[in-house]
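J.:
Residue numbers (this note's numbering): 345 to 656.
#1: To which residues of the same chain is residue 457 closer than 6 Å at the C-beta, ignoring the five residues directly before and after it?
#2: If you draw a straight line from the alpha carbon of residue 424 to that of residue 506, how long is it in whole angstroms?
#3: What's the call for residue 688, buried or exposed, on a 16-neighbour Cβ count within 10 Å?
#4: Going by beta-carbon coordinates alone, are residue 406 and residue 413 separated by less than 8 Å?
#5: Reducing DSSP to helix, strand and coil, say where residue 569 ends up.
#6: Alpha carbon to alpha carbon, how far is residue 527 from residue 421? Give it in angstroms, no decimals.
#7: Quick one: give me the first and last residue of the beta strand (DSSP E) that residue 439 is part of.
#8: Residues in its own chain within less than 7 Å of residue 545 by CB, not counting five upstream and five downstream?
#9: For residue 509, tell me which candidate among 487, 515, 516, 556 has the shortest Cα-Cα distance.
#10: Less than 8 Å between the C-beta atoms of residue 588 and residue 377, yes or no?
#11: Mapping DSSP to helix, strand and coil, what is residue 574?
#12: For residue 644, which of 654, 633, 651, 652 has the nearest alpha-carbon?
#13: In or out: residue 481 buried (at least 16 other Cβ within 10 Å) or exposed?
#14: What separation, rounded to the nearest whole angstrom, lies between the Cα atoms of residue 463 and residue 585?
#15: Name the two residues that bound the continuous beta strand (DSSP E) containing residue 553.
#16: Can you tell me the Cα-Cα spacing of residue 472 and residue 442, whole angstroms?
#17: Report the three-state DSSP secondary structure of residue 531 (helix, strand or coil).
#18: Look up residue 644 in the DSSP assignment and say whether it is helix, strand or coil.
#19: What is the DSSP secondary structure of residue 560, counted as helix, strand or coil?
#20: Per DSSP, which one or two residues make a beta bridge with residue 512?
#21: Can you give the Cα-Cα distance for residue 374 and residue 503, rounded to whole angstroms?
#22: So, with DSSP's three-state summary, where would you put residue 619?
#23: For the beta strand (DSSP E) holding residue 374, just list the boundary residues, first then last.
#24: I'd like the span of the alpha helix (DSSP H) that includes residue 425, first residue to last.
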């Protein structure tokens, strides 16, 4: 009888041990692109799933399959307002990735040079478009905006062939363009920060969402890992680009597809940083207010409650 009990205990301990091993690494879901670059240096410390679009992010924020989800700030806020999200916003990791470009022979020294001109853009009535219009309006600039279905289409179908003098782009496309031609560049976020009226400190884009079922200690450990990684990215972008190219190319083809030079450009220009969301609530809500004023369908004149934020 004792032998049977001992065997059962051994089996039970083995099962528990296997369960612990399975959860040894936190499960992380991230979109491909800039957010993946932001966490790319520590992907080996997580069980990572990547997704090309927002649909999966939205459905997963309503479930409990991941410990951490990287998703747009606005997406989490929309779901929180509806009362259906299973995650809290903990950190902001990408900002301000918006640039207006022109070819070298087309004047673009300041935003005022866009007065009376046509800008090719993307994402009509979405946050990037709203912030572009806000920057133009507050700068007293009247410009026509033509839309394509994506930033890649803006670059490949309009700007690169010469069908557009001015275009709104973002990294990694800015660095890709610079590989092929000389361009003039205006940083939209810099324009917003220097407005005399209606100044905007930053444009929050991607955020870290943590599952409600995690302990504070678990969350703080995860966040410190990501924060330290981003600090490493910003301290030496060249070394970080090389580090990404050492990652499994089958799991993370993005890094090799971009290449070392573009990765360095992304690290320098894509606004990758780490800020605690709870410490920047007022600035986040300021951004929400601008977006909501332009498109009531996003937030319905509401802001998420304090419970939206992970406090630490």
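Every residue gets a Cβ at the ideal spot worked out from N, C-alpha and C, and that includes glycine.
Treat the numbers as computed from the prediction; the structure is a model and nothing was measured.
T.: In short, the structure shows the following:
#1: 451
#2: 43 Å
#3: Residue numbering for the chain in the displayed model covers 345 to 656; residue 688 lies beyond these limits and cannot be assessed.
#4: no
#5: Judged by DSSP in its simplified three-state form, residue 569 adopts helix.
#6: A direct Cα-Cα distance of roughly 36 Å separates residue 421 from residue 527.
#7: 431-439
#8: These residues qualify, in order along the chain: 537, 627.
#9: Comparing Cα-Cα distances from residue 509 to each of 487, 515, 516, 556, the minimum goes to 487.
#10: no
#11: helix
#12: 633
#13: exposed
#14: 32 Å
#15: 548-555
#16: In a straight line, the C-alpha of residue 472 is about 7 Å away from that of residue 442.
#17: strand
#18: coil
#19: helix
#20: Looking at the DSSP output, residue 512 bridges to 444.
#21: 29 Å
#22: strand
#23: 371-375
#24: 417-425
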